[in-house]
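Reviewing the structure listed below.
In our numbering, the protein residues as written are 23 to 210.
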């Protein structure tokens with residue numbers, strides 16, 4: 023679809039959420055945080071979240087807060103319900119979860135891995151970037167969404183741009199250089 027004559031530009035800060043219509047472009051910058059984009063191809067509505075942590079620390083309560091993955095998903099589900107649509111009607115894309123501290127990676131079985139991100143349970147990761155990536159996938163599938171694409175993990179940060187009128191998402195990935203010490207001397 024062609025770019026609308028009047029476009030609303032939204033920049034999401036960490037913890038923010040936005041859901042809009044075909045006249046909207048949403049941008050953000052991610053490190054270990056994760057963004058989920060959702061787009062309805064027929065109605066040309068959709069949104070993006072920029073969550074920081076997989077869940078709220080225990081013992082804290084309050085209104086839904088986009089800083090936490092499960093609560094950002096609840097915000098999406100509320101917008102989807104209010105639009106009279108179903109999760110399966112949306113194209114979902116996942117971005118971010120970059121390791122911002124690659125020097126903490128260790129060599130294991132000839133590959134470089136974060137030292138605490140090898141469990142299979144969603145909340146088993148102790149590294150924020152890993153936990154965020156896993157919970158994003160888990161929540162999308164658990165709530166009946168179809169994941170159309172993802173660009174998760176690795177090192178560094180990403181710039182994300184989402185045009186709701188077309189459903190296109192552009193990613194500029196900026197990996198951290200130099201190469202983590204555990205990867206130095208590895209064949210390429």
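C-beta: ideal position from N, C-alpha, C; glycine also.
As the structure is a computational prediction, the values presented were derived from the model and not from experiment.
query                                                                                                   : result
Cβ contact (3+ pairs, closer than 8 Å) linking the segment 175-191 and the segment 158-167              : no
Cβ shell of residue 130 (< 6 Å), same chain only, five flanking positions each side left out            : Residue placement at residue 130 is flagged as unreliable, the pLDDT there being 49, under the threshold of 50; the coordinate-derived value follows with that caveat. Correct list: empty, nothing qualifies.
Residue span of the alpha helix (DSSP H) that contains residue 156, given as start and end              : 150-164
Beta-carbon spacing of residue 88, residue 38 below 9 Å                                                 : yes
Reduced DSSP secondary structure (H/G/I, E/B, other) of residue 8                                       : Since the first residue shown for the chain is 23 and the last is 210, residue 8 is missing from the structure and cannot be characterised.
Residue 178 to residue 34 span [Cα, whole Å]                                                            : 18 Å
C-alpha gap between residue 113 and residue 67, whole angstroms                                         : 11 Å
Proximity to residue 195 [Cα-Cα], best of 70, 121, 48                                                   : 121
DSSP-derived helix/strand/coil call for residue 31                                                      : strand
Identity of the residue in 65, 57, 51, 48 nearest residue 229 by Cα                                     : Nothing can be reported for residue 229: it is not among the residues displayed for the chain, which extend from 23 to 210.
Own chain, CB closer than 6 Å to residue 150, minus 5 neighbours either side, in chain order            : 54
Close Cβ partners of residue 93 (< 6 Å) along its chain, the five nearest in sequence each way excluded : 86, 87
Within 9 Å, strictly: CB atoms of residue 73 and residue 91                                             : yes
Cα-Cα separation between residue 59 and residue 82, rounded to whole angstroms                          : 27 Å
Residue 146 versus residue 84: straight-line alpha-carbon distance, rounded                             : Residue confidence for residue 146 is low, a pLDDT of 45 falling below 50, so the modelled location carries little weight and cannot support an answer.
6 Å CB neighbourhood of residue 183 in its chain, flanking five on each side removed                    : 49, 192
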